[in-house]
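Engineer: Here you go, one structure.
In the working numbering, the protein residues as written are 2 to 128.
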């Protein structure tokens, strides 16, 4: 993470894992999310001025936003964390079911979309 004791100046934030709310490697969110929280804590110790996120899918994102908030150190969550989502929702579906739901839940941190995909169905509609 550091070279010659410093993080490169263009590094803004760290992304920890990829959709850790989905089962993989014979593990599930109850083991993967706490592991990501431990990594976040270690990164925060080494890079206290940097932001971080744990990208999740949109399968049950509100539950995992709450899980991350509950498990991350309060100062890290409040000052250097943002929620992130990876989704195939686009257009009105993205606006109404991801963004509006996030706003309605009054989360205390920003949301970033770290992956916006298009399924074969979306591609056929665009053609």
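Even glycine gets a Cβ: it sits at the ideal position worked out from N, Cα and C.
1) With distances taken Cα to Cα, identify the nearest neighbour of residue 85 among 62, 98, 71.
2) Can you give the Cα-Cα distance for residue 83 and residue 14, rounded to whole angstroms?
3) In whole angstroms, what is the alpha-carbon distance linking residue 41 and residue 48?
4) Can you list, in chain order, the residues of its chain whose CB lies under 7 Å from that of residue 23, leaving out five sequence neighbours each side?
5) Cutting at 6 Å between CB atoms, please list the residues of its own chain near residue 116, excluding the five before and the five after it.
6) Between which two residues does the alpha helix (DSSP H) carrying residue 77 extend?
7) To the nearest angstrom, report how far apart residue 7 and residue 93 are at their CA atoms.
8) Can you tell me the Cα-Cα spacing of residue 184 and residue 37, whole angstroms?
9) How many angstroms separate the CA atom of residue 111 from the CA atom of residue 25?
10) Which of the three DSSP states, helix, strand or coil, is assigned to residue 26?
Structural biologist: Taking the geometry as given:
1) 62
2) 10 Å
3) 10 Å
4) 58, 60
5) 87
6) 75-81
7) 43 Å
8) Because residue 184 is not part of the residues shown, which for the chain are 2 to 128, the question remains open.
9) 27 Å
10) coil
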